[in-house]
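Position one of the sequence shown corresponds to residue -4 (my numbering), numbered consecutively onward. Here's the structure, in structure tokens; my notes come after.
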Amino acid sequence: MDTGDGERCGGGMGGDRRNAVVTGGAGFLGSHLCERLLREGASVVCVDDFSTGNPDNIAHLMSDDRFSLVKRDICTGLEVDGPVDAIVHLASPASPQDYLRLPVETLRVGSAGTLAALELAKRTAARLVYASSSEVYGDPLVHPQDETYWGNVNPLGPRSVYDESKRFGEAAVAAFVREHGVDACVVRLFNTYGPRMKPDDGRMVPNFVVQALEGKPLTVYGSGRQTRSLCYVSDTVEALLRAVGSDHPGPMNLGNPVEMTVLEVAELIRDLTGSTSEITFLPGMEDDPRLRRPDIALARRVLGWQPEVPLRQGLAEVISSFRDLRAAARLGAVD
Ligand code: UDP
């Protein structure tokens, strides 16, 4: 597949990358990726320890002959039978609420877990795509953020368990590329959202949607003037597939450059749900990044990719899926 500048990569994994391993495959993003890989004709080994992943996310994939699940903490090593052509390494708590609750586990999976994924890539000569994060930029002093920016991370603050784990992961990938010639790409994901986020996951989108549907106040932390750029999950999945199919080493930002304040997102979700909830202001989170917007010129050029799903449409999908979950829970309660 030609990945030269200006060339467009196909959405698939490329004919020679049929056997994929997805770490964190039972998570929100991982499950959508597994589903898409199967649709593209790949065989998928999903590795997950369910510390933050959810078996329900992949229940509908279990009957597919080309899908297999390995329930395992990758920090204890990563063995996979048979050929491996591509590894997408997503395993990590991703919500601030989760990584603040699991600080040591987060550091461990970003370090020992990433080393295990890289060892597998080295042994099998697979291409590895490492899901790093916009959090490597910390509370950025450059805006929007492009890949040349080294970031502004407080190494001792509460968020550092995630930020530094992702930064360590990037350093580990770079070392394996240099020392062992591993074929790898670092991608930096910016705030992916969509159905299958846990309703109690703690992040902005699920919190606001649940609060609006329940008629409870929407909890804005701090002034609400901090910004985020939200990327719908199918757009992120498409970008990940293209990163697998390319030969670029990254680092590469993957996100939607449409930037909004947190307060604007709260108001939009309230409008889209038709809720009359009020908006309440709670104390801000420590070291909460004040601005975040990806510069995606590199991904546009190398992958021929840009996000396609408008925020209103993506949020409508989340709202509808959360309504379905609530209806199913009510039915369950009646049974
Ligand atoms: N946030 C908020 N209310 C919530 C949850 C999050 O105001 O109920 C804010 C949070 O402080 C941050 C932004 O929304 O400024 C995005 O937070 P999220 O946890 O979704 O992701 P992050 O980008 O911080 O990893």
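Every residue gets a Cβ at the ideal spot worked out from N, C-alpha and C, and that includes glycine.
Residue i versus the options, residue with shortest Cα-Cα distance
{"i": "residue 112", "options": "92, 82 and 99", "result": "82"}
{"i": "residue 42", "options": "54, 292, 25 and 32", "result": "25"}
{"i": "residue 29", "options": "52, 240 and 46", "result": "52"}
{"i": "residue 231", "options": "256, 205, 255 and 188", "result": "188"}
{"i": "residue 169", "options": "72, 73 and 244", "result": "244"}
{"i": "residue 198", "options": "69, 49 and 225", "result": "225"}
{"i": "residue 264", "options": "204, 295 and 281", "result": "204"}
{"i": "residue 259", "options": "213, 326 and 299", "result": "213"}
{"i": "residue 61", "options": "34, 18 and 74", "result": "34"}
{"i": "residue 220", "options": "285, 160 and 59", "result": "285"}
{"i": "residue 271", "options": "247, 141 and 262", "result": "262"}
{"i": "residue 176", "options": "13, 119, 217 and 211", "result": "119"}
{"i": "residue 209", "options": "50, 66, 317 and 48", "result": "317"}
{"i": "residue 195", "options": "295, 123 and 49", "result": "49"}
{"i": "residue 150", "options": "56, 159, 257 and 123", "result": "159"}
{"i": "residue 174", "options": "23, 136, 117 and 55", "result": "117"}
{"i": "residue 91", "options": "283, 294 and 297", "result": "283"}
{"i": "residue 206", "options": "57, 122 and 275", "result": "275"}
{"i": "residue 57", "options": "122, 86 and 21", "result": "21"}
{"i": "residue 75", "options": "55, 18 and 125", "result": "18"}
{"i": "residue 71", "options": "44, 179 and 54", "result": "44"}
Contacts around residue i, its chain only, beta-carbon distance under 6 Å, and the 5 residues preceding and following it disregarded
{"i": "residue -1", "result": "Note that residue -1 scores 35 on pLDDT, short of 50, meaning its location in the model is unreliable; the coordinates nonetheless yield the value given after this. Excluding sequence neighbours, residue -1 sits near nothing in its chain."}
{"i": "residue 27", "result": "228 and 232"}
{"i": "residue 171", "result": "113 and 177"}
{"i": "residue 156", "result": "94, 98, 101 and 102"}
{"i": "residue 63", "result": "40"}
{"i": "residue 66", "result": "none"}
{"i": "residue 15", "result": "32, 37, 39 and 81"}
{"i": "residue 165", "result": "127 and 181"}
{"i": "residue 277", "result": "214 and 216"}
Range of the contiguous alpha helix (DSSP H) that encloses residue i
{"i": "residue 52", "result": "50 to 53"}
{"i": "residue 271", "result": "Neither: residue 271 is in no alpha helix (DSSP H) and is coded neither H nor E."}
{"i": "residue 199", "result": "199 to 208"}
Nonlocal neighbours in the same chain, by C-beta distance under 8 Å from residue i, ignoring five residues either side
{"i": "residue 167", "result": "106, 109, 110 and 113"}
{"i": "residue 311", "result": "267"}
{"i": "residue 46", "result": "68, 88, 97 and 100"}
{"i": "residue 307", "result": "263 and 267"}
{"i": "residue 313", "result": "188, 189, 190, 192, 200, 201 and 204"}
{"i": "residue 13", "result": "36, 37, 38 and 80"}
{"i": "residue 321", "result": "208"}
{"i": "residue 326", "result": "none"}
{"i": "residue 78", "result": "14 and 119"}
Ligand 1 heavy atom lying under 7 Å from the CB of residue i
{"i": "residue 280", "result": "yes"}
{"i": "residue 125", "result": "no"}
{"i": "residue 252", "result": "no"}
{"i": "residue 91", "result": "yes"}
{"i": "residue 283", "result": "yes"}
{"i": "residue 199", "result": "yes"}
{"i": "residue 223", "result": "yes"}
{"i": "residue 156", "result": "no"}
{"i": "residue 309", "result": "no"}
{"i": "residue 71", "result": "no"}
{"i": "residue 313", "result": "no"}
{"i": "residue 152", "result": "no"}
{"i": "residue 214", "result": "yes"}
{"i": "residue 217", "result": "yes"}
{"i": "residue 202", "result": "yes"}
{"i": "residue 304", "result": "no"}
{"i": "residue 257", "result": "yes"}
Segment limits, beta strand (DSSP E) that includes residue i
{"i": "residue 216", "result": "213 to 216"}
{"i": "residue 231", "result": "Run containing residue 231: none in the beta strand (DSSP E); it sits in the alpha helix (DSSP H), 228 to 240."}
{"i": "residue 249", "result": "247 to 249"}
{"i": "residue 255", "result": "254 to 256"}
{"i": "residue 222", "result": "222 to 224"}
Contacts around residue i, its chain only, beta-carbon distance under 7 Å, and the 5 residues preceding and following it disregarded
{"i": "residue 31", "result": "232 and 236"}
{"i": "residue 161", "result": "105, 127, 128, 130 and 131"}
{"i": "residue 289", "result": "129, 139, 140, 185, 224, 248, 250 and 252"}
{"i": "residue 144", "result": "132, 135 and 137"}
Contact test: residue i Cβ vs ligand 2 heavy atom, cutoff 7 Å
{"i": "residue 186", "result": "This structure simply doesn't include ligand 2; it includes ligand 1 instead."}
Runs of 3 residues minimum, wholly inside the stretch 71 to 126: which ones carry the beta strand (DSSP E) assignment? 81 to 84
Uninterrupted alpha helix (DSSP H) stretches inside the stretch 17 to 61 (no shorter than 4 residues): 23 to 34 and 50 to 53
Mind listing, in chain order, the continuous beta strand (DSSP E) runs of no fewer than 3 residues lying wholly within the stretch 157 to 191? 179 to 184
What are the uninterrupted segments assigned as beta strand (DSSP E) that are 3 or more residues long and contained completely in the stretch 289 to 318, given in chain order? none
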